[in-house]
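With this note's numbering, letter number 186 in the sequence shown gets 180, and the count goes up by one each step, no holes.
Here's the structure we're looking at; comments come further down.
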Amino acid sequence: MNTHYRDRVYRHQTVEAAAKRSLGSDTLEALEAVNVALPDDPARTANLEKLTRRGAVAVVTGQQTGLFLGPLLTLYKALTAIRAAAQLEEETGHPVVPIFWLQTEDHDFDEIRSTAIHDREGRKVPLTLPPLSSSEAPSVQYLRLPEDLTTVITDLRETLGGFPAAASVLEKVTSTYRVGRSLPDAFTELMAMLTQGSGLLFFNPRHPAAIRASAPVHARAFAEFEAIGRLLSQRTEELEANGQQTPVRIRADSPLSFLHIDSAGGSRTRLVREGSNWRGKGFGGDFTLSEETLNTLLAASPDRFSSSALLRPIVQDTLLPTALYVGGAAEQAYWQQITPLYRHFDVSQSLFLPRASFTLLEPSSSKWLNLLSLTAAELRLPIDKLERVIAERNASDDATPSVLLKQSGDALRRMFAALEGPFRAADPTLSGSLTKAESKMLHLLESTIERYTKAVARNDELFQERLRKLRSLILPEDLPQERVYTPIDFLCRFGESMIGALLAAIDPFNPSHKELAL
């Protein structure tokens, strides 16, 4: 993993490279349009002005515009960008502004139409909007919150309404998430309310001015798709040869831009080169475009094109003076895969900064952890390893799984060692059979003690019930808490001061997973 972000000198070099780029008029128009429309915030207004200064750079993060801000990690990304921008400005003297790139081009509505909260018993409560038709795949920019939202809001109120800060937080939620409103607009305004005073700016790549600014990148993505495909294929082979995962399968016959069928709000489809024409498959049916027709669309209707996951960072860093990008592990894999594209598009690559990561510990969680003599880190272990930890602590000193395995294993090895001489003397070929028998018996012994481990770990019903609640809070359905529960869940319980506590706990250039007691 690249850790250049820890190197102060390297960070400064990246800032100097980004500072050579300035905002184009279309990009500035798009930024102003989105941010001026939000509730008044002097810090946001000041950062809009700061971004126009000579030498200004940005710390950018982004996420899909999920229901009620999506999972906690979305908030963690925004807060990491805010903290990193402040520290980078202090270090370098350059004006540095945090920007949240709204991933409104994405069409995976299933991934963002659901979120979750938990009730007083620690049980997960899903909150879900209905799916789109299976034949539709528009960018989320063009989706409106449906009537079903009222039912979801009711579930939200019934589960969280009784908590101390619920009235204030839910008022913000219901004032932003309204039937008929666009999902990105609701997301943006709620995030802006919760980060008031931080100076966090928002950028929507589907704003008409942003579309105009990014049009040349899409034109090159089509015109140079073969060269781009070769570069990505070579890079993918290099990474995989070094044992690294590459998240996107490279298609040599397809560019990195999507076409929207019929209009900007139409379903997105990928085009494939066939001879001298382009063929669209999937959403919108099977159709063919000539090269001339495609070029006409690129010039006359740039809103009919949008970025794939591999092209989006290029568009982002072409439009914005990005010094750092804040993301998660999956995004870092994308970032590593597209390194040669930056050279191809003659853009300096931003420095990747891992986002902050937290486990939020409610008072009940801390209490149960103490009662069970567990740490939050142990609770996040795979269940078989966690059961081993529990069994080691619950069994008597002379009957722990590790003690039993060592004693019985040593006895078994001594027994076979004693047989080795007579067997070899009788027939040297029996030595191999003896070795196999020993291996099988040791394996059987380990399997049996593993069953004993599970029995010891599970024989206390009260213990197991507390463990179930704890895992539901900290590792719901075996997923990290930050990938499941919406920030609204915890803000209703503990108030918006939680955001200040999270900010204070973030050390942007020394990231590590932290536990935060609420």
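Even for Gly, the Cβ is constructed at its ideal location relative to N, Cα and C.
Treat the numbers as computed from the prediction; the structure is a model and nothing was measured.
Check: From the DSSP secondary-structure annotation, give me the bridge partner or partners of G56.; Outcome: W95
Check: Tell me which residues share the same chain as V266 and place their Cβ nearer than 6 Å to its Cβ, disregarding the 5 neighbours each side in the sequence.; Outcome: D247, S248 and R273
Check: Given that a residue counts as buried once 16 or more other Cβ atoms are within 10 Å of its Cβ, and exposed if not, what is L347?; Outcome: buried
Check: In terms of residues, what are the limits of the beta strand (DSSP E) holding T423?; Outcome: No beta strand (DSSP E) holds T423; DSSP gives it neither H nor E.
Check: Tell me the rounded alpha-carbon separation between R101 and Q135.; Outcome: This sequence places His at residue 101; Arg is not what is there. Taking the straight line from one Cα to the other gives about 9 Å.
Check: Can you find at least 3 beta carbon pairs, one from the stretch 24 to 34 and one from the stretch 173 to 188, that sit closer than 8 Å?; Outcome: yes
Check: Figure out for me which residue from G494, P334 and P178 has the closest Cα to the Cα of L233.; Outcome: P334
Check: Provide the residue span of the alpha helix (DSSP H) that contains V167, from first to last.; Outcome: A160 to T170
Check: Taking the Cβ atom as the reference point for each residue, do A13 and P315 lie within a distance shorter than 8 Å?; Outcome: yes
Check: So within the stretch 441 to 485, which uninterrupted alpha helix (DSSP H) runs reach at least 4 residues, ignoring any that extend past its ends?; Outcome: 455 to 468
Check: Could you pull the start and end residues of the beta strand (DSSP E) that R273 belongs to?; Outcome: N271 to G274
Check: One question on the structure: do V90 and V53 come within less than 8 Å of each other, judged by their Cβ atoms?; Outcome: yes
Check: Which word fits H254, buried or exposed, when buried means at least 16 other C-beta atoms lie within 10 angstroms of its C-beta?; Outcome: buried
Check: Flag this pair as yes or no: are the beta carbons of P125 and D104 separated by less than 8 Å?; Outcome: yes
Check: When the distance is taken between beta carbons, is A209 closer than 8 Å to P120?; Outcome: no
Check: Does the pairing of the stretch 366 to 376 with the stretch 396 to 410 give three or more beta-carbon distances under 8 Å?; Outcome: no
Check: According to DSSP, is F410 part of a helix, a strand, or is it coil?; Outcome: helix
Check: Starting from K515, follow its DSSP beta bridges and name the residues at the other end.; Outcome: Absent from the model: residue 515. The displayed extent of the chain is -5 to 512, so no value can be given.
Check: Determine the closest residue to P481 out of K166, H201 and P92, with distance taken between C-alpha atoms.; Outcome: K166
Check: Exposed or buried, which one is R107 when buried takes at least 16 other CB atoms within 10 Å?; Outcome: buried
Check: Since I believe I443 is in contact with L514 (beta carbons under 8 Å), could you give me their beta-carbon distance rounded to a whole number of angstroms?; Outcome: Residue 514 lies beyond the stretch modelled for the chain, which goes from -5 to 512, so this question has no answer here.
Check: Would you please state the rounded distance, in angstroms, between the beta carbons of S133 and S300? I believe it to be under 8 Å.; Outcome: 6 Å
Check: List the whole-angstrom C-beta distance separating E476 from L66, where the pair is believed to meet the contact cut-off of C-beta under 8 Å.; Outcome: 4 Å
Check: Starting from T8, follow the alpha helix (DSSP H) in both directions and report where the run begins and ends.; Outcome: R2 to A13
Check: Checking the sheet assignment: what are the DSSP bridge partners for I111?; Outcome: V119
Check: Please name the residue or residues paired with Y319 in a DSSP beta bridge.; Outcome: V54 and F346
Check: Looking only at its own chain, which residues have a Cβ that is under 6 Å from the Cβ of P470, when we skip the five neighbours before and after it?; Outcome: K118 and V478
Check: Grab me the residues of A24's own chain with a C-beta within less than 6 Å of its C-beta, minus the 5 sequence neighbours each way, in chain order.; Outcome: H201, A203 and A204
Check: Measuring CB to CB, does V211 end up less than 8 Å from I332?; Outcome: no
Check: Nearest by alpha-carbon distance to H(-2): which of P376, L380 and Q326 is it?; Outcome: Q326
Check: According to the neighbour-count rule (16 or more other Cβ atoms, all chains shown, within 10 Å of its Cβ), is D483 buried or exposed?; Outcome: buried
Check: For G489, which residues from the same chain have a beta carbon less than 7 Å from its beta carbon, with the 5 sequence-adjacent residues on both sides left out?; Outcome: P158 and A159
Check: For the candidate residues V163, S302 and D256, whose alpha-carbon lies nearest to that of L288?; Outcome: D256
Check: My guess is that L464 and L363 are in contact by the Cβ rule of under 8 Å, so how many angstroms apart are they, rounded?; Outcome: 7 Å
Check: Excluding the five sequence neighbours on either side, which residues of its own chain have a C-beta within less than 8 Å of the C-beta of D454, listed in chain order?; Outcome: N388
Check: Taking the DSSP output, what are the residues bridged to L195?; Outcome: I93
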